[in-house]
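Sequence order for the protein chains is A and B.
Following the numbering used here, the numbering of the first sequence begins with 144 at its first residue and continues without gaps.
Following the numbering used here, the numbering of the second sequence begins with 8 at its first residue and continues without gaps.
Heads up, the thing below is written out as structure tokens.
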Amino acid sequence: MTTRSKAAARRALVLDILNHGALALVALLFLFPFFWMVSNAVRSNAEVLAIPVRLLPSVFEWDNFAKAWTEQPFGRFFFNSFVIATSVTAITVVVSCLSGYAFARLRFPGRDLLLMGYLGTLMVPGIMLIIPLYLIINSLGMVNTFQGVILPVAFGTFGSFLLRQFFLSIPNELEEAARVDGASRLRILVSIIVPLSMPAIGLLSLFTFIAQWNNFLWPLIVMTGAENATLPVGLTLFQTQQSTAWNYIMAGATLSMLPGIILAILLQKLIYNSIALNAGLGGR
Amino acid sequence: MASVTIRNAVKSYGTMEVLHGVSLAAQDGEFVVLVGPSGCGKSTLLRMIAGLESITDGDIDIGGRVVNELEPKERDIAMVFQSYALYPHMSVRDNMGFSLKLARRSRKEIEEAVNRAAGILALEPLLDRYPRQLSGGQRQRVAMGRAIVRNPAVFLFDEPLSNLDAKLRVQMRSEIKALHQRLGSTMIYVTHDQMEAMTMADRIVVMRAGKIEQVGTPLEIYDNPANSFVAGFIGSPSMNLIEGTVMEKDGTVVLRDDGGADWSLAEAARAHLGRSVTMGIRPEQIVTRDGAIRGTVVNVEPTGAETHVQVQVGANSIVVVLRDRFAGAVGSSIGIASLPERVNLFCRETGARLALSPG
Numbered sequence: 144m145t146t147r148s149k150a151a152a153r154r155a156l157v158l159d160i161l162n163h164g165a166l167a168l169v170a171l172l173f174l175f176p177f178f179w180m181v182s183n184a185v186r187s188n189a190e191v192l193a194i195p196v197r198l199l200p201s202v203f204e205w206d207n208f209a210k211a212w213t214e215q216p217f218g219r220f221f222f223n224s225f226v227i228a229t230s231v232t233a234i235t236v237v238v239s240c241l242s243g244y245a246f247a248r249l250r251f252p253g254r255d256l257l258l259m260g261y262l263g264t265l266m267v268p269g270i271m272l273i274i275p276l277y278l279i280i281n282s283l284g285m286v287n288t289f290q291g292v293i294l295p296v297a298f299g300t301f302g303s304f305l306l307r308q309f310f311l312s313i314p315n316e317l318e319e320a321a322r323v324d325g326a327s328r329l330r331i332l333v334s335i336i337v338p339l340s341m342p343a344i345g346l347l348s349l350f351t352f353i354a355q356w357n358n359f360l361w362p363l364i365v366m367t368g369a370e371n372a373t374l375p376v377g378l379t380l381f382q383t384q385q386s387t388a389w390n391y392i393m394a395g396a397t398l399s400m401l402p403g404i405i406l407a408i409l410l411q412k413l414i415y416n417s418i419a420l421n422a423g424l425g426g427r
Numbered sequence: 008m009a010s011v012t013i014r015n016a017v018k019s020y021g022t023m024e025v026l027h028g029v030s031l032a033a034q035d036g037e038f039v040v041l042v043g044p045s046g047c048g049k050s051t052l053l054r055m056i057a058g059l060e061s062i063t064d065g066d067i068d069i070g071g072r073v074v075n076e077l078e079p080k081e082r083d084i085a086m087v088f089q090s091y092a093l094y095p096h097m098s099v100r101d102n103m104g105f106s107l108k109l110a111r112r113s114r115k116e117i118e119e120a121v122n123r124a125a126g127i128l129a130l131e132p133l134l135d136r137y138p139r140q141l142s143g144g145q146r147q148r149v150a151m152g153r154a155i156v157r158n159p160a161v162f163l164f165d166e167p168l169s170n171l172d173a174k175l176r177v178q179m180r181s182e183i184k185a186l187h188q189r190l191g192s193t194m195i196y197v198t199h200d201q202m203e204a205m206t207m208a209d210r211i212v213v214m215r216a217g218k219i220e221q222v223g224t225p226l227e228i229y230d231n232p233a234n235s236f237v238a239g240f241i242g243s244p245s246m247n248l249i250e251g252t253v254m255e256k257d258g259t260v261v262l263r264d265d266g267g268a269d270w271s272l273a274e275a276a277r278a279h280l281g282r283s284v285t286m287g288i289r290p291e292q293i294v295t296r297d298g299a300i301r302g303t304v305v306n307v308e309p310t311g312a313e314t315h316v317q318v319q320v321g322a323n324s325i326v327v328v329l330r331d332r333f334a335g336a337v338g339s340s341i342g343i344a345s346l347p348e349r350v351n352l353f354c355r356e357t358g359a360r361l362a363l364s365p366g
């Protein structure tokens, strides 16, 4: 009995080591591009392009970060990206809460048809809308303005659908109890539904913020002046016809990733709960 | 406090009518229990009173005011839900004070009202906990506390004890009844558990398929069920229903069941001689007696205080409740007899109770 249980324990340990080893290998594969970015950020441009390739720089040039920050108005790019990503996230969350709630709970003629049409827009590739959207923005005089970048991307279908699905999982009795308690529809949304949906709202906020933080094409088209460029657009300014400062681009890219990483760390509990709730694990 | 009057209430979902012109009056301060099998419309009726379901036709009047078009918050009601519906992200204190906060009462007023309700229900030590930190019984009490805080004219309960274990259910039953006695408010309580209905109600409303079958005090309904459905639904174990024909035998009136056994009936049943009927008799109104109807014991269920014995008589399975301990074994023969004065007769076709007139 004891020998058998020892053998079983040993087998379990070996399996555990194999599992964790495989997971660690996959994690390393995912981490490698980030390592490569940081590694190139702290070496000279000549060494970036040197063959044979070296995993680590021969000399660590930590001041590349400071140089990248001052070479171009990076502070301004950060500010622009922050304003745009935060505004889009805030508008997306508010609009998605309202529309998600309407689709989940309100009864009105044509609701399901409207939802289908709404979801149908997910199938239209975003790239197809670039020219019509630009024409609209141009006719409204919003080219090279924050609102020109923010408004067209702030009203997405994904958020409405994500929150609708989450709202549907909240027991109807809570809402009915709030109605009996004297709450209006808006009050129910604000005081009951939204606080209970923080995992989904956190997830939506994170996705939206990171998507907008990294958004390249639309800000590139709308923001014609360098002073209004966002971080991804600003990074391209290190690329000229004569040369490309890859080390500064990598240093800038490393810096630009920090807010996303910080946000992901801050929201990781919410995201875990969201996944756990959707998997029926009852996270809280 | 207020009375509740329902006049010809109809509820339809599309073309499907689920409540067919229900009329009912709950007096001021009365404890009315709506009871019936699943799908009978009792919860729908309660939700119509609460304003959570619209009324297709008819009127609902609370405290002399027709409330058909009023929002739940304007009806001066409070409701306790089956799942308690406590807000998971709010503490017990905030759950209980939420309605008053919405009514823009001062912080002091809210605190006083919450503390008063917490005092009634012994919830003071739990006020800063969250619903997930409470047991089922505690959650139930918080749900009641939330209702009490509002000091409503009418309390509505929608199967509030269904999620509790048997022991807690009995305890909460007494607590709700004590609460009714203390507050003196009108309470309308929905349950599918006829034992809850019997023990708690001033009056019971038995419903089936969107209609009211009978309204009466628990004992009226128990002793004189209006029809065979009510007879079979109220009481545990349920009433024995035996089909047969009313006949005369040796100068007495009997029911000869379809298997040929003769069950004694009261003299008053003579008016129905020759008629095909369903006889209803409660399990505790059957006695064991040698030389009476013979049957075979097929099951014995001792509950401690009494013993339920299932006896097969011909095609009929009869349940007998005995106060004494039962020594017979399964498969043994037993003699049983009905107490004629306690027997009910129902029309076989309509199920309606037949009057037993003296002489």
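We put the beta carbon where it would ideally sit given N, CA and C, even for glycine.
* Below-9 Å beta-carbon distance, valine 236(A) vs any chain B residue -> Along the first sequence, read from residue 1 onward, the residue named residue 236(A) stands at position 93. By this cut-off, valine 236(A) is not an interface position.
* C-alpha gap between valine 185(A) and asparagine 390(A), whole angstroms -> Here residue 185(A) is taken as the residue at index 42 of the first sequence, counted from 1. Here residue 390(A) is taken as the residue at index 247 of the first sequence, counted from 1. Their Cα atoms are separated by approximately 7 Å.
* What did DSSP end up calling glutamate 274(B) once you bin it into helix, strand or coil? -> Counted from its first residue, the second sequence places residue 274(B) at position 267. DSSP places glutamate 274(B) within a helical segment (H, G or I) once states are collapsed to three.
* **Chain-ordered chain D contacts of proline 338(A) [CB-CB under 7 Å]** => Absence of chain D from the displayed structure is noted, the protein chains being A and B.
* Unbroken beta strand (DSSP E) run spanning cysteine 354(B), endpoints -> Taking the second sequence and counting its residues from 1, the one referred to as residue 354(B) is at position 347. 351-354 is the extent of the beta strand (DSSP E) around cysteine 354(B).
* Residue range of the unbroken alpha helix (DSSP H) whose run includes isoleucine 341(B) -> Along the second sequence, one-based indexing puts residue 341(B) at 334. Unbroken run through isoleucine 341(B) is the beta strand (DSSP E), 340-345; no alpha helix (DSSP H).
* Asked: Given a limit of 9 Å on CB to CB distance, which residues of the region 231-242 of chain B reach chain A?
  -> So nothing in the stretch comes that close.
* **Stretch pair the region 208-218 of chain A + the region 322-334 of chain A: three plus CB contacts closer than 8 Å** => no
* To do: Taking only heavy atoms of the ligand MN into account, decide whether any of them is closer than 8 Å to the Cβ of glycine 260(A).
  => With respect to the ligand MN, the structure shown offers nothing to examine, as it has no ligands at all.
* **Where glutamate 81(B) falls, given that 16 or more other Cβ within 10 Å makes a residue buried** => Sequence index remark: in the second sequence, residue 81(B) carries index 74 (1-based). Glutamate 81(B) should be labelled exposed.
* leucine 413(A) vs proline 338(A) beta-carbon contact at 9 Å -> To locate residue 413(A), count along the first sequence from 1; it is residue 270. To locate residue 338(A), count along the first sequence from 1; it is residue 195. It is not a contact, given that the beta carbons lie outside the stated cut-off.
* Taking the continuous alpha helix (DSSP H) assigned at serine 181(B), which residues delimit it? -> For the purposes of this step, residue 181(B) is identified with residue 174 of the second sequence, where counting begins at 1. Note, serine 181(B): alpha helix (DSSP H), 173-190.
* Is the shortest distance between the beta-carbon of leucine 424(A) and the beta-carbons of chain B less than 9 Å? -> Against the first sequence, residue 424(A) aligns to sequence position 281. Bear in mind that the predicted position of leucine 424(A) carries a pLDDT of just 44, short of 50, making it unreliable; the figure below should be weighed with that in mind. So, not an interface residue.
* Compare the Cα-Cα distances from threonine 63(B) to each of Arg54(B), Cys47(B), Ala154(B) and Gly71(B) and report the closest residue. => Walking along the second sequence from the start, residue 63(B) turns up at place 56. With distances taken between Cα atoms, threonine 63(B) lies closest to Arg54(B).
* Asked: Comparing the C-beta of proline 314(A) with each C-beta of chain B, is any distance below 9 Å?
  -> Within the first sequence, residue 314(A) is the residue found at index 171, counting from 1. Yes, because at least one Cβ of chain B sits closer than 9 Å to the Cβ of proline 314(A).
* To do: Kindly give me the distance between the Cβ atoms of glutamine 411(A) and isoleucine 227(A), rounded to whole angstroms, as I take these residues to be in contact under 8 Å.
  => To locate residue 411(A), count along the first sequence from 1; it is residue 268. To locate residue 227(A), count along the first sequence from 1; it is residue 84. Incorrect: roughly 24 Å between the Cβ atoms, too far for contact.
* From Phe353(B), Ala9(B), Asn323(B) and Asp165(B), pick the residue whose C-alpha is nearest to that of glycine 266(B); which is it? -> Counted from its first residue, the second sequence places residue 266(B) at position 259. Closest option to glycine 266(B), Cα to Cα, is Asn323(B).
* **Residue of Ser192(B), Asn170(B), Gly302(B) and Thr259(B) minimising C-alpha distance to glycine 143(B)** => Reading the second sequence from its first residue, position 136 is the one you call residue 143(B). For the residues Ser192(B), Asn170(B), Gly302(B) and Thr259(B), the minimum Cα distance to glycine 143(B) belongs to Asn170(B).
* Close beta carbons around leucine 59(B), own chain, < 7 Å, minus the five adjacent residues each side -> By 1-based counting over the second sequence, the position of residue 59(B) is 52. Same-chain partners within the cutoff: Pro79.
* **In DSSP terms, what valine 316(B) is bridged to** => Here residue 316(B) refers to the residue found at position 309 of the second sequence. DSSP lists Val307(B) and Val327(B) as partners of valine 316(B).
* Asked: Taking all protein chains shown into account, do 16 or more other C-beta atoms lie within 10 angstroms of the C-beta of serine 380(B), making it buried, or fewer, making it exposed?
  -> Outside the shown range of chain B (8 to 366) lies residue 380(B), about which nothing can therefore be said.
* Give the straight-line distance between the Cα atoms of alanine 208(B) and threonine 224(B), rounded to the nearest whole angstrom. => Residue numbering aside, residue 208(B) sits at position 201 when the second sequence is read from its first letter. Residue numbering aside, residue 224(B) sits at position 217 when the second sequence is read from its first letter. The straight-line gap from Cα to Cα measures roughly 7 Å.
* Consult DSSP for histidine 27(B) and reduce its assignment to one of helix, strand or coil. => Locating residue 27(B) in the second sequence gives position 20, where the first residue counts as 1. It is a strand residue.
* Assigned exposure category for leucine 174(A) - 16 Cβ within 10 Å defines buried -> The sequence position of residue 174(A) within the first sequence is 31, counting from 1. Classification for leucine 174(A): exposed.
* Go through its chain and collect everything with a Cβ distance to serine 340(B)'s Cβ below 7 Å, but skip five positions before and after it. => For this step, residue 340(B) is matched to residue 333 along the second sequence. Cβ within range, chain order: Arg301 and Thr303.
* Could you give the distance in angstroms between the alpha-carbon of glycine 425(A) and the alpha-carbon of tyrosine 415(A)? -> For the purposes of this step, residue 425(A) is identified with residue 282 of the first sequence, where counting begins at 1. For the purposes of this step, residue 415(A) is identified with residue 272 of the first sequence, where counting begins at 1. In this predicted model, glycine 425(A) has a pLDDT of only 42, less than 50, meaning its place in the structure is not dependable; the value taken from the coordinates is given anyway. Whole-angstrom Cα-Cα distance: 11 Å.
* To do: Could you check how far apart the C-beta atoms of alanine 359(B) and asparagine 234(B) are, in whole angstroms? I think they sit under 8 Å.
  => In the second sequence, residue 359(B) corresponds to position 352, counting from 1. In the second sequence, residue 234(B) corresponds to position 227, counting from 1. With a Cβ gap of about 5 Å, alanine 359(B) and asparagine 234(B) count as contacting.
* Can you name the residues that DSSP bridges to alanine 359(B)? -> Residue 359(B) sits at position 352 when you count from the first residue of the second sequence. Asn234(B), per the DSSP bridge assignment.
* To do: Report the neighbours of leucine 324(A) on chain B: residues whose CB is nearer than 8 Å to its CB, in chain order.
  => Here residue 324(A) corresponds to residue number 181 of the first sequence, with the count starting at 1. For clarity, residue 324(A) is aspartate in the given sequence; the question names leucine instead. Neighbours of aspartate 324(A) across chain B, judged by C-beta separation under 8 Å: Lys80, Phe105, Ser106, Leu109, Arg153 and Arg157.
* To do: Using only alpha-carbon positions, find the residue among Gln385(A), Ser386(A), Gln384(A) and Ala394(A) that is nearest to proline 375(A).
  => Locating residue 375(A) in the first sequence gives position 232, counting from the first residue. In this structure, Ala394(A) is the residue among Gln385(A), Ser386(A), Gln384(A) and Ala394(A) with its C-alpha nearest to the C-alpha of proline 375(A).
* To do: Just tell me which of Ala152(A), Pro268(A), Pro362(A) and Phe309(A) has its CA closest to the CA of glutamine 290(A).
  => What you label residue 290(A) is simply residue 147 of the first sequence in a count that begins at 1. The shortest Cα separation from glutamine 290(A) among Ala152(A), Pro268(A), Pro362(A) and Phe309(A) belongs to Pro362(A).
* Whole-angstrom distance between valine 222(B) and leucine 272(B), CA atom to CA atom -> Counted from its first residue, the second sequence places residue 272(B) at position 265. Counted from its first residue, the second sequence places residue 222(B) at position 215. Cα to Cα, the separation comes out at about 27 Å.
* Whose Cβ in chain A lies nearer than 9 Å to the Cβ of methionine 86(B)? -> What you label residue 86(B) is simply residue 79 of the second sequence in a count that begins at 1. Those are Glu319, Ala320 and Val323, listed as they occur along chain A.
* To do: Give the DSSP-derived three-state secondary structure of threonine 383(A) in the structure shown.
  => What you label residue 383(A) is simply residue 240 of the first sequence in a count that begins at 1. Of the three classes helix, strand and coil, the one that applies to threonine 383(A) here is coil, per DSSP.
* **Contacts that arginine 330(A) makes with chain B (C-beta to C-beta distance below 8 Å)** => By one-based count along the first sequence, residue 330(A) stands at place 187. Correct list: Leu109.
* To do: Would you verify that the beta carbon of isoleucine 335(A) is, or is not, closer than 9 Å to some beta carbon of chain B?
  => As a first step, residue 335(A) must be located in the first sequence, where it is residue number 192. So yes, isoleucine 335(A) belongs to the interface.
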